[in-house]
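Top to bottom, those sequences are chains A and B.
Heads up: the first sequence at position 65 corresponds to 297 in our numbering, and the numbers run straight through without jumps.
Heads up: the second sequence at position 416 corresponds to 648 in our numbering, and the numbers run straight through without jumps.
Positions of the beta carbon are idealized from the N, C-alpha and C atoms, including for glycine.
Remarks on the structure that follows.
Number of protein chains: 2
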Amino acid sequence: MRLAVAALLATLGVGAGATSEPVLTARDWRETHERAILDEFVELLRIPNDGRDLVSMRRNAEAVARLLGRRGVQTKLLETSGAPPSVYGEFPVPGAKHTLVFYAHYDGYPVEQRHWYTGDPFRPVLMSGRVEEGGQPIPLPRPGWPSDPAWRLYARSAADNKAVIVAMATALEALRARKVPLQSNLKFFIEGENEAGSPHVAALLKAHRSTLRGDAWLLCDGRVHPSGQQQLIFGVRGFAGLELTVFGAPAELPEGRYGGWAPNPAQQLSRLLASIKDDSGRVLVEGFYDGVAPLSDSEKQAIAAIPDNDGALARQLGLRFTEGGKLRLPEIVTQPSLNILGVSAGAVGADAREVIPSSATASLIIRLAKGMDHRNTIDRIVEHIRKNGFFVTEEEPGDDVRAAHEKICRVVRQPGYNAMRTPLDLEISKRVIAAVEAARGPVIKIPSLGGSLPIAVLQDIVRSPAVIVPIANDDNNHRAANENIRLQNLWEGIETIAALMAMPASESGSD
Amino acid sequence: MRLAVAALLATLGVGAGATSEPVLTARDWRETHERAILDEFVELLRIPNDGRDLVSMRRNAEAVARLLGRRGVQTKLLETSGAPPSVYGEFPVPGAKHTLVFYAHYDGYPVEQRHWYTGDPFRPVLMSGRVEEGGQPIPLPRPGWPSDPAWRLYARSAADNKAVIVAMATALEALRARKVPLQSNLKFFIEGENEAGSPHVAALLKAHRSTLRGDAWLLCDGRVHPSGQQQLIFGVRGFAGLELTVFGAPAELPEGRYGGWAPNPAQQLSRLLASIKDDSGRVLVEGFYDGVAPLSDSEKQAIAAIPDNDGALARQLGLRFTEGGKLRLPEIVTQPSLNILGVSAGAVGADAREVIPSSATASLIIRLAKGMDHRNTIDRIVEHIRKNGFFVTEEEPGDDVRAAHEKICRVVRQPGYNAMRTPLDLEISKRVIAAVEAARGPVIKIPSLGGSLPIAVLQDIVRSPAVIVPIANDDNNHRAANENIRLQNLWEGIETIAALMAMPASESGSD
Numbered sequence: 233m234r235l236a237v238a239a240l241l242a243t244l245g246v247g248a249g250a251t252s253e254p255v256l257t258a259r260d261w262r263e264t265h266e267r268a269i270l271d272e273f274v275e276l277l278r279i280p281n282d283g284r285d286l287v288s289m290r291r292n293a294e295a296v297a298r299l300l301g302r303r304g305v306q307t308k309l310l311e312t313s314g315a316p317p318s319v320y321g322e323f324p325v326p327g328a329k330h331t332l333v334f335y336a337h338y339d340g341y342p343v344e345q346r347h348w349y350t351g352d353p354f355r356p357v358l359m360s361g362r363v364e365e366g367g368q369p370i371p372l373p374r375p376g377w378p379s380d381p382a383w384r385l386y387a388r389s390a391a392d393n394k395a396v397i398v399a400m401a402t403a404l405e406a407l408r409a410r411k412v413p414l415q416s417n418l419k420f421f422i423e424g425e426n427e428a429g430s431p432h433v434a435a436l437l438k439a440h441r442s443t444l445r446g447d448a449w450l451l452c453d454g455r456v457h458p459s460g461q462q463q464l465i466f467g468v469r470g471f472a473g474l475e476l477t478v479f480g481a482p483a484e485l486p487e488g489r490y491g492g493w494a495p496n497p498a499q500q501l502s503r504l505l506a507s508i509k510d511d512s513g514r515v516l517v518e519g520f521y522d523g524v525a526p527l528s529d530s531e532k533q534a535i536a537a538i539p540d541n542d543g544a545l546a547r548q549l550g551l552r553f554t555e556g557g558k559l560r561l562p563e564i565v566t567q568p569s570l571n572i573l574g575v576s577a578g579a580v581g582a583d584a585r586e587v588i589p590s591s592a593t594a595s596l597i598i599r600l601a602k603g604m605d606h607r608n609t610i611d612r613i614v615e616h617i618r619k620n621g622f623f624v625t626e627e628e629p630g631d632d633v634r635a636a637h638e639k640i641c642r643v644v645r646q647p648g649y650n651a652m653r654t655p656l657d658l659e660i661s662k663r664v665i666a667a668v669e670a671a672r673g674p675v676i677k678i679p680s681l682g683g684s685l686p687i688a689v690l691q692d693i694v695r696s697p698a699v700i701v702p703i704a705n706d707d708n709n710h711r712a713a714n715e716n717i718r719l720q721n722l723w724e725g726i727e728t729i730a731a732l733m734a735m736p737a738s739e740s741g742s743d
Numbered sequence: 233m234r235l236a237v238a239a240l241l242a243t244l245g246v247g248a249g250a251t252s253e254p255v256l257t258a259r260d261w262r263e264t265h266e267r268a269i270l271d272e273f274v275e276l277l278r279i280p281n282d283g284r285d286l287v288s289m290r291r292n293a294e295a296v297a298r299l300l301g302r303r304g305v306q307t308k309l310l311e312t313s314g315a316p317p318s319v320y321g322e323f324p325v326p327g328a329k330h331t332l333v334f335y336a337h338y339d340g341y342p343v344e345q346r347h348w349y350t351g352d353p354f355r356p357v358l359m360s361g362r363v364e365e366g367g368q369p370i371p372l373p374r375p376g377w378p379s380d381p382a383w384r385l386y387a388r389s390a391a392d393n394k395a396v397i398v399a400m401a402t403a404l405e406a407l408r409a410r411k412v413p414l415q416s417n418l419k420f421f422i423e424g425e426n427e428a429g430s431p432h433v434a435a436l437l438k439a440h441r442s443t444l445r446g447d448a449w450l451l452c453d454g455r456v457h458p459s460g461q462q463q464l465i466f467g468v469r470g471f472a473g474l475e476l477t478v479f480g481a482p483a484e485l486p487e488g489r490y491g492g493w494a495p496n497p498a499q500q501l502s503r504l505l506a507s508i509k510d511d512s513g514r515v516l517v518e519g520f521y522d523g524v525a526p527l528s529d530s531e532k533q534a535i536a537a538i539p540d541n542d543g544a545l546a547r548q549l550g551l552r553f554t555e556g557g558k559l560r561l562p563e564i565v566t567q568p569s570l571n572i573l574g575v576s577a578g579a580v581g582a583d584a585r586e587v588i589p590s591s592a593t594a595s596l597i598i599r600l601a602k603g604m605d606h607r608n609t610i611d612r613i614v615e616h617i618r619k620n621g622f623f624v625t626e627e628e629p630g631d632d633v634r635a636a637h638e639k640i641c642r643v644v645r646q647p648g649y650n651a652m653r654t655p656l657d658l659e660i661s662k663r664v665i666a667a668v669e670a671a672r673g674p675v676i677k678i679p680s681l682g683g684s685l686p687i688a689v690l691q692d693i694v695r696s697p698a699v700i701v702p703i704a705n706d707d708n709n710h711r712a713a714n715e716n717i718r719l720q721n722l723w724e725g726i727e728t729i730a731a732l733m734a735m736p737a738s739e740s741g742s743d
């Protein structure tokens with residue numbers, strides 16, 4: 233088996249040299265320890281991990297710390313008052329000049345139990361395949377017996393993101409047991425607030441800035457390509473959110489009596505929103521696009537190499553036309569966008585009443601491209617609102633403010649953060665790509681996701697480049713009922729992480 | 233007392249001739265029958281009249297028919313399947329060449345019992361004054377004993393609109409008992425669906441078109457001026473309503489992943505709404521103002537004579553600026569208006585989620601000026617929507633429609649009707665003004681209210697001019713808890729209606 237894989241790697245043109253050794257080591261270790269790995273995984277999944285339950289969250293953190301501790305990682309809990317602790321771990325390697333920080337999260341998306349085929353999201357069930365395709369519950373394989381790679385383990389956080397924690401521990405255990413030499417110090421940062429938007433992560437990173445520094449952060453979260461091909465993601469867009477409320481009279485007014493006389497805040501808000509973005513999706517706020525970093529040649533090449541799925545995706549989603557001109561989606565999401573998440577004023581449908589609303593509210597979200605600053609961006613939008621004749625306030629306007637200004641808009645800013653886009657041609661990027669390709673063959677390199685990730689603040693605080701290394705199957709139902717991990721993805725994840733842990737100190741070392 | 237009033241009328245310059253006789257007759261009758269009038273009123277108010285309770289509604293209709301029948305009116309119930317019956321009554325006057333139709337309604341606005349000081353809205357309570365000013369419950373006056381005009385009867389529909397029914401019956405009874413000659417046939421149309429927007433009134437008017445014809449309809453509803461001065465209202469604005477829904481993808485989309493690529497229906501709707509009306513309140517739909525009837529000289533004079541309360545009203549309502557340029561509110565409401573009653577897309581505030589909404593909806597209301605047609609007006613708005621690039625449909629778009637059109641807007645039309653504005657210089661208008669002024673002194677003449685009244689369809693169907701003759705005190709809490717009628721308003725209402733019932737056949741006859 234081991235020889236066959238080595239031959240396959242050779243066929244794929246992947247060097248079976250230094251970098252493939254950790255992969256093969258991890259595979260061999262896994263093949264002889266599947267039941268033990270699954271037992272440890274199931275035990276971790278049994279601990280409920282809804283982030284609002286701080287008692288359970290601490291049990292999770294302690295379990296994660298024990299799991300890493302058993303592999304020789306020196307762990308401690310980083311505490312934040314009123315929030316789940318983060319697990320920090322160090323595995324120093326004598327003589328290593330480089331440091332890699334592995335990120336994962338142990339919290340899970342809140343569950344809706346009634347939608348789970350398996351009944352209890354915290355009672356993991358091994359299934360012979362996808363439930364939708366006839367998968368049936370099966371017992372865990374007996375120790376020493378092989379599993380079928382198509383089997384799936386169903387449980388909350390099976391994919392997002394406890395599989396990664398188990399993969400990290402197993403990879404390190406295999407490398408240590410087989411004495412594969414490591415060339416980087418390893419650090420671990422495993423948080424418990426990811427699904428809640430990591431509200432304390434910035435404070436925590438600031439408090440432990442030097443501890444958490446590394447040559448690269450490897451964010452082991454997300455999903456591989458739907459085709460099963462490995463992908464590496466080098467960035468996410470930044471985030472800025474704001475809520476606009478335009479105020480009319482202090483109370484709703486009878487529309488018949490005053491229609492044509494009393495101004496309507498829903499109309500004012502509509503005109504304001506219309507002024508912000510044109511029909512093609514272009515944001516009309518002055519200076520909005522200023523400073524957007526152009527794509528590098530290697531980013532352009534990476535985008536060109538991403539399989540073109542736009543047409544099929546648009547049909548699948550039911551989009552009849554798209555914004556962004558002729559750009560393909562992988563490039564569009566390297567650009568900023570602004571969207572209305574919601575608008576609310578008065579009532580519609582059967583609830584509509586013949587009144588002029590007293591206020592109108594819209595929630596806006598901005599995805600920032602690299603080179604934009606989230607605070608400046610909101611400032612520019614506020615300036616745009618002012619140019620449209622509004623007095624801008626951050627508070628509910630009192631009588632004095634109402635008396636002094638004709639058009640009033642309250643702006644409530646959400647905490648934001650900037651985009652993160654690690655250059656593909658950084659030395660560390662190249663090393664990460666080489667290590668992962670040694671494990672998984674050619675990877676899809678994505679300069680940026682469209683979404684945002686609060687952990688992206690680490691670049692500004694810790695000043696470490698970061699790469700997202702997903703291992704979960706694309707159809708894992710993350711954040712939904714019936715979340716599951718395909719065993720093969722877990723097995724491959726162990727190999728990928730082993731390859732990263734053991735990667736050579738410099739790119740030249742891998743040749 | 234009778235002579236003193238005649239002297240007062242003379243002082244006010246009101247002719248104490250033919251027209252004052254019915255007023256003085258009604259007053260004298262009322263003064264000697266107050267307890268009997270109140271007993272009959274209380275009995276009518278005791279019958280619950282929430283329009284959704286058809287059993288109670290029929291009891292009301294039958295009580296109203298009996299009340300009129302006792303005064304020699306020939307009554308019958310006009311039935312509509314699934315709706316409360318309307319009470320129709322005729323009091324033919326031999327030799328009369330003219331016919332007056334008195335309108336009222338016996339249904340009441342749905343009650344919220346817990347807000348009533350008196351406990352049960354259908355257990356009328358006489359109070360020594362406004363509850364907010366220290367009014368206390370008092371027993372009904374003993375027969376023959378006078379009441380205090382400041383006393384108020386608290387009950388649902390005490391003001392809106394059962395007081396009018398009692399006033400009509402009492403006025404007719406007084407005129408008949410004292411043998412005051414009538415010069416007009418009298419008809420009565422008392423409906424039970426006013427508070428529900430009179431959904432069947434058009435069908436009923438059509439079915440009984442010739443029966444319900446008259447030289448004038450006198451709509452005895454609404455409130456006198458806050459100063460206590462009598463007002464006559466010659467019109468209401470028409471009504472058109474529509475709901476717009478703009479469609480995006482069939483499902484909500486992850487905003488991060490697709491922001492900048494997937495179009496946002498909330499943005500499209502905002503731009504559409506912005507295109508409909510400018511910042512000054514001017515409607516930008518082509519042809520919207522076409523055909524609006526100019527004010528006549530007598531309407532302009534009437535408006536100029538209305539006390540100017542705009543500044544104080546704007547301050548009271550908390551309006552910081554107003555639409556309509558330099559026009560005063562009584563003139564503004566003779567013009568059309570368009571307002572957003574509500575907008576809804578996605579969610580705002582704590583409920584906001586990072587998704588692109590799949591649709592966005594707005595409810596619009598149009599108040600039509602005289603000369604506009606409600607169907608044409610909606611047609612013009614639909615045309616405007618088309619010009620803005622939307623495919624317009626009346627139904628939820630299916631896959632085929634979605635596939636064929638980029639921008640889709642569903643338009644749902646509500647049943648509408650045109651404005652009603654009876655010219656002030658019609659012969660019948662002058663006669664109504666003269667009769668009411670004989671009872672109440674100089675009246676405020678309002679060419680149009682801002683609101684709409686479904687019964688306004690009568691002008692198109694029955695082709696009778698109409699004038700609104702309110703009797704209730706302005707502070708009657710109509711449509712709210714603690715509705716009440718000030719006894720003096722009831723007493724004056726009896727006199728006003730007596731004056732109208734007995735008004736001369738032509739204006740010259742009153743000199």
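Under 8 Å between C-beta atoms of residue i and residue j
i	j	result
residue 572/B	residue 496/A	yes
residue 568/B	residue 600/B	yes
residue 419/B	residue 333/B	yes
residue 321/B	residue 469/B	no
residue 369/B	residue 733/B	no
residue 703/A	residue 456/A	yes
residue 431/B	residue 590/B	no
Residue range of the unbroken alpha helix (DSSP H) whose run includes residue i
i	result
residue 663/B	659-672
residue 585/A	Run containing residue 585/A: none; DSSP gives neither H nor E here.
residue 594/B	Run containing residue 594/B: none in the alpha helix (DSSP H); it sits in the beta strand (DSSP E), 591-600.
residue 548/B	542-549
Selection from the options that minimises the alpha carbon distance to residue i
i	options	result
residue 289/A	665/A, 587/A, 426/A, 363/A	426/A
residue 705/B	504/B, 658/B, 715/B, 319/B	715/B
residue 384/A	709/A, 730/A, 731/A, 479/A	709/A
Neighbouring residues, chain B, relative to residue i (Cβ below 7 Å)
i	result
residue 490/A	682
residue 745/A	Since the displayed chain A opens at 233 and closes at 743, residue 745/A lies outside it and no answer follows.
Per-residue contacts from residue i into chain A (C-beta, under 7 Å)
i	result
residue 569/B	491, 492
Residue range of the beta strand (DSSP E) that includes residue i
i	result
residue 273/B	Residue 273/B -> not in any beta strand (DSSP E); alpha helix (DSSP H) instead, spanning 252-277.
residue 735/B	Residue 735/B -> no beta strand (DSSP E), and no H or E assigned at all.
residue 642/B	639-645
residue 478/A	470-479
9 Å Cβ cut-off: residues of chain A touching residue i
i	result
residue 597/B	487, 488, 491, 584, 586
9 Å Cβ cut-off: residues of chain B touching residue i
i	result
residue 551/A	480, 481, 485, 490, 493, 494, 495
Partners in chain B for residue i, counting only beta-carbon separations shorter than 8 Å
i	result
residue 580/A	475, 573, 574, 575, 576, 593, 594, 595
Contacts that residue i makes with chain A (C-beta to C-beta distance below 8 Å)
i	result
residue 603/B	Result: empty, since nearest Cβ-Cβ is about 15 Å, beyond 8 Å.
Can we say the stretch 554-562 of chain B touches the stretch 525-544 of chain B, given the rule of at least three CB pairs closer than 8 Å?
Short answer: they touch.
Counting pairs of Cβ atoms below 8 Å between the stretch 691-699 of chain A and the stretch 444-460 of chain A, do you hit three or more?
yes
Between the stretch 453-465 of chain B and the stretch 625-644 of chain B, can you find at least three pairs of beta-carbon atoms closer than 8 Å?
no
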